[in-house]
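Let me begin by presenting the structure, written as C-alpha cells, before commenting on it.
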Amino acid sequence: MTKGEETRRLTRLRLVPRLLRTSAFRYTLIYTTFFVLSVVGIGYFVYESTIGQTMERLDEELFRELNHLARVNASAGSDGLVGLNRVNNEVNRLKIVQDNALYLVVYGGPPIRILSTDFINPPREVLNAGPEMFEFDYDARAVVDGVVVTESRPAVGRVATFRYGTPDGKEVRAIILAARDIRDIDQIRQDARNTILRLGSVTLFLGLVLGSIYSGAFLRRVDAIGRTVRAIRDGDLSRRVALTGSDDEFDTLSTNINGMLDQIERLMTGMRQVSDNIAHDLRSPLTRIKARLETAMGDPQADKDEVIERTTMDVERLLATFNALLSITRIESGEGGGSKVPVDVAAVAEEMLELYEPAADEAGFALHGHVERVPDVLGNRELISQLIANLLDNALKYGRRPTETHPAIELTVVPRPSGGVLLSVMDNGPGVSEGDRERILQRFVRLERSRSTSGNGLGLSLVAAIARRHNAQLTIGRGLPHDPDARGLVPPTAYGLGVRIAFPPAPEKPKPSKPASHGALSEAKA
Amino acid sequence: MRILVVEDDADAATFVVKGLREAGHAVDHALDGDTGKNMAESGGYDAYVIDRMLPGLDGLSMLEQRREEGDETPALFLSALGEVDDRVAGLQAGGDDYLVKPYAFSELIARVEALGRRRGPQNIQTKFSVADLEMDILSRTVRRGGRKIDLQPREFRLLEYLLRHSGQVVTRTMLLENVWEYHFDPQTNVIDVHISRLRSKIDKGFDKPLLKTVRGAGYTLTDED
C-alpha cells in the first residue's frame, strides 16, 4: 500500500465517525428513533385491536363450552362413569356442528385411555396445561398436489378435568380438551407482524440513509468553509468561501463571512499602508538627523550648537508625530478619551474661537464664529476641543490661496433638526477635489501642494478618529465660496474646504424632576 | 529645591537626576516604589517626581499611601499612559501634575519648578509684582510704572499665571493646561500669539521687557536679564 492510499483510507475511516458525530446526523437519528417507535406503537395497537380481540373471543367460547360440558357431566349425578359417557357423546355432537372445533377426551392413567380424539397424535401440552387458554401445534392430514401429507397446524385450547369414583373405590381422572384450529388467524397474525417489522426496518433504513446524505452534505459545506478559513489563517487573505447559489442559510453565512473577510482585508491593506507611511515619515527625519550628526562629527569647523538645535527640533517633531499616532490608535481602539459625559459643544467652540482668534488674526485670516445654543452631546470635552483645534489648525495652514486677499474661516455650531449638533469648519481656500476628499482623512496623507508646509498629515486622521469615537458623521465637502458676491452658476472648484461633523443626539436620560412635571401635566389634562 | 525622583528606568533616571541637578536642585533617586516610599517617609522633600509604572509598589499606590499619611508634598507623575482617564487617575491618586512620556526635558524642569511654588501661603496671595509690573487679584487691576493697563479676561488670567510663576520658565502646554484648561498640542502658534498680544500691552513703551521668550522651552516673566 502506498502512502497516499493509506492516507486516503485513513481519511475515509475517520470520515465515518465524523459523519456520525455531526449534529445533522444526530438529529436525524433521534427523529428516526421516534419514527420507528411510533410505527411499532401503531402496529401494536392495530394488532391488539384485531388479532388480540379475536383470540379473546375464542377464549370466551372455549370457556363456555367447557362449562357446558361440566353441566352435562353434573347432570349424571355421582353415578360412576355415566357422566363421562354423556360428556363424550356431547363432544361428538358439538364436533359435527362446528368446523374448526377439535376435541380430545381421555381418562384414567397411567396408562391413559383415549375416549375420543380429533388428533392423529394427542398433543402433549394437554397433560401439563393450566386453567388458561394455551396455544399449541398439532399434526393434521392435508392434501398437497394430490398427495396426503402430515402438516403441523396452530391451535388454541382449554382443558377441563373431571374426577369420578369407580365401583372398586378408586378415583379416575378425565381430561377434556376443547380446541380450535387457528390457521387463518395465525396467518393474519404472521402477516401483521411481518408488516410492522418491514415498516420499522424501512423507516430505520430510510432514516439512516437520509441522515447520512443530509449530514454528508452538511459536512461538505462546513468543510468548505473550514478549508477557506484555514487557508486564510495560514496567510492567503484573498481566499473566499464559494457560494452554491442556492441562497440557503449556508450561502447567507458564507456571504457574511466573505463580507467580514473583505473588511479584514481592507483593514490589513490600510494597516500596511499606514506602516509604510510610518516607515517613510519617521525614517526620513531619522535619516536626516543621522546624516547631520555624522557630518558634524567629521567636521571640526561645524557649528555644534546649530546642529544640536536643529536636531532637537527634528526630534521634537518626531515625538509629536509619534504622540499623534498613538492618540489616534488609542482613540480608535476606544481605549483612550475617557468616559463620555454631556458636553456643551457651543461652549467649547467659543473657547476655541477665543484661543485661535489672535493666531488667525496674525496669519491674516478672518475667523468668524456662528455658534448657537445647542443641546449637549455625549462625549469628551478634551477630544471635542482637540477636534475643533485640529480643524482650525488645518484651515490656518492650508486654507489660503495665493491670490486670496480676504482669507476667511468660519466655525459654525448649530442644532440639527433631528437632534444632536452640527459642527462645521469652512474656509475659502483652494478646497479639495472630490477624488481626494476621502483620502485626506487617512493617516500621513498630505496633498501635493501641502508638502512644503510643516505638518505630519495626522491632523484630519485624528479628527476622523474623534468623530468616529462620538458616533458622529464626518463629511468633507465644499467650504466657503471664493467669491462671496458671485451670482449664477459657480464651478464646484470655486469653493474652499468644508468639514462637517454631525454629532448624534445624546440618549434621553430620565431626570428625577421630569416625571413629576409630566405627572402634573397629565393630571391637569385628565 | 530638594526633589525625590522615583523611576525604575536607570538610564532615564540618570538623565532626569542630572538635568535637575544642573538646574540647581538637590536630587535623590529611588529605583522602586517601596524604596521611594521609605525615602519619602524620612521627609524633607519639596517635590516628588514619580513614574507611574514601578516594580513592586506602583507609583499611584505609593503616592496614595503617602497622602493617607498626611504627606502633602507636591508630586508630578511621569507616565507613558497619556489619555484623559490615565491623567484623571493620576490626579485622583493625589498627583499635582501629570507629564506624558516622551516629554521635552525643559517641560519637566518647568513643571517641577512650578510644583515647588505651589506650596505655601502664596496661594492666597492677592497681589503680585515683578519689577514695576503689579497685579491686584481682588480689584482685577494691572499697573506698570503706576500706569493702568487694560487686559481682556483671558489676558488677565494669562498674566496672573505668569506672575505666580515669575522667574520660572512656563511652557506652552503648561499655559494651555492652566489658563485655558485644555490638554492638547496645538500645531499652530496659538499660545505664542496670545503671549505677543500680552507682551504688547505690558512691555510696549517701557524700557525693560519683562516677558521673555526662552528658546526651545517657553516663556518667563522676570526682570533679570
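Same order as they appear, the protein sequences are chains A and B.
When the first sequence is numbered by the UniProt record's numbering, its final residue is 526 and no position is left out of the sequence of numbers.
When the second sequence is numbered by the UniProt record's numbering, its final residue is 225 and no position is left out of the sequence of numbers.
We put the CB at the ideal spot given by N, CA and C, even for glycine.
Just so we're clear, the structure is a prediction, and the values are computed from it rather than from any experiment.
- The secondary-structure analysis by DSSP pairs residue 150 of chain A across a beta bridge with A:141.
- When the alpha-carbon of residue 84 of chain A is set against those of A:212, A:104, A:99 and A:33, the nearest one is in A:104.
- Interface residue (Cβ-Cβ distance to chain B less than 7 Å): residue 434 of chain A is not classified as such.
- A check of alpha carbon separations from residue 178 of chain A across A:82, A:133 and A:366 identifies A:133 as the nearest.
- Taking CB atoms only, residue 213 of chain B has no neighbour in chain A less than 7 Å away.
- Comparing C-alpha distances from residue 176 of chain B to each of B:34, B:162 and B:167 shows the shortest one belongs to B:162.
- Between residue 96 of chain B and the set B:3, B:170, B:202 and B:74, the nearest pair of CA atoms involves B:74.
- Setting aside the 5 residues that flank it on each side, residue 473 of chain A is surrounded in the same chain by 502, each with a C-beta closer than 6 Å to its C-beta; the list follows chain order.
- For residue 177 of chain A, the enclosing beta strand (DSSP E) starts and ends at 171-181.
- Listed as beta-bridge partners of residue 157 of chain A by DSSP are A:134 and A:179.
- Considering only beta carbons, no part of the segment 467-487 of chain A lies closer than 7 Å to chain B.
- Within the segment 26-100 of chain B, the complete beta strand (DSSP E) segments of 3 residues or longer fall at 26-30, 47-51, 75-79 and 97-100, listed in chain order.
- Only 359 and 362 from the segment 359-375 of chain A bring a Cβ to less than 7 Å from some Cβ of chain B.
- For a Cβ distance threshold of 8 Å, nothing in chain A lies close to residue 98 of chain B: the least Cβ distance comes to about 13 Å.
- Residue pairing by DSSP places residue 107 of chain B in no beta bridge whatsoever.
- Within the UniProt DNA-binding region "OmpR/PhoB-type" (125-223) of chain B, contact with chain A at the beta-carbon level (separation under 7 Å) is assigned to 154, 180, 182, 183, 184, 185, 186, 187, 188, 189, 190, 193, 194, 197 and 216.
- At least 7 Å separates the CB of residue 214 of chain A from every CB of chain B.
- Rounded to whole angstroms, the Cβ separation of residue 180 of chain A and residue 58 of chain A is 6 Å, and the two are in contact under 8 Å.
- Residues of chain A with a Cβ closer than 8 Å to the Cβ of residue 102 of chain B are, in chain order, 319, 322 and 323.
- A straight-line Cα-Cα distance of about 50 Å links residue 445 of chain A and residue 131 of chain B.
- Residues 209, 210 and 211 of the same chain have their beta carbon placed closer than 8 Å to that of residue 203 of chain B, with the five preceding and five following residues left out of the count.
- Partner residues in the beta bridge of residue 144 of chain B, as assigned by DSSP, are B:133 and B:147.
- When 9 Å is used as the limit between beta carbons, residue 393 of chain A is near these residues of chain B: 186, 187, 188 and 190, in chain order.
- C-alpha of residue 315 of chain A to C-alpha of residue 103 of chain B: approximately 11 Å in a straight line.
- Residue pairing of residue 426 of chain A in beta bridges, as defined by DSSP: A:410 and A:498.
- Taking a Cβ-Cβ threshold of 9 Å, the residues of chain B close to residue 397 of chain A are 187 and 188, in chain order.
- Here DSSP, grouped into helix, strand and coil, assigns residue 240 of chain A to coil.
- Residue 358 of chain A and residue 28 of chain B have their C-alpha atoms roughly 43 Å apart.
- By the 16-neighbour rule on beta-carbons within 10 angstroms, residue 27 of chain A is exposed.
- For residue 385 of chain A, the chain B residues whose C-beta falls within less than 8 Å of its own C-beta are 182 and 184, listed in chain order.
- DSSP places residue 19 of chain B in the uninterrupted alpha helix (DSSP H) bounded by 10-22.
- In the DSSP secondary-structure assignment, residue 343 of chain A is bridged to A:377.
- Look at residue 476 of chain A here: in three-state DSSP terms it is strand.
- Here residue 127 of chain B has 136 as same chain residues with Cβ atoms under 6 Å from its own Cβ, once five neighbours each way along the sequence are excluded.
- Shown here, residue 440 of chain A sits in a helix according to DSSP, grouped into three states.
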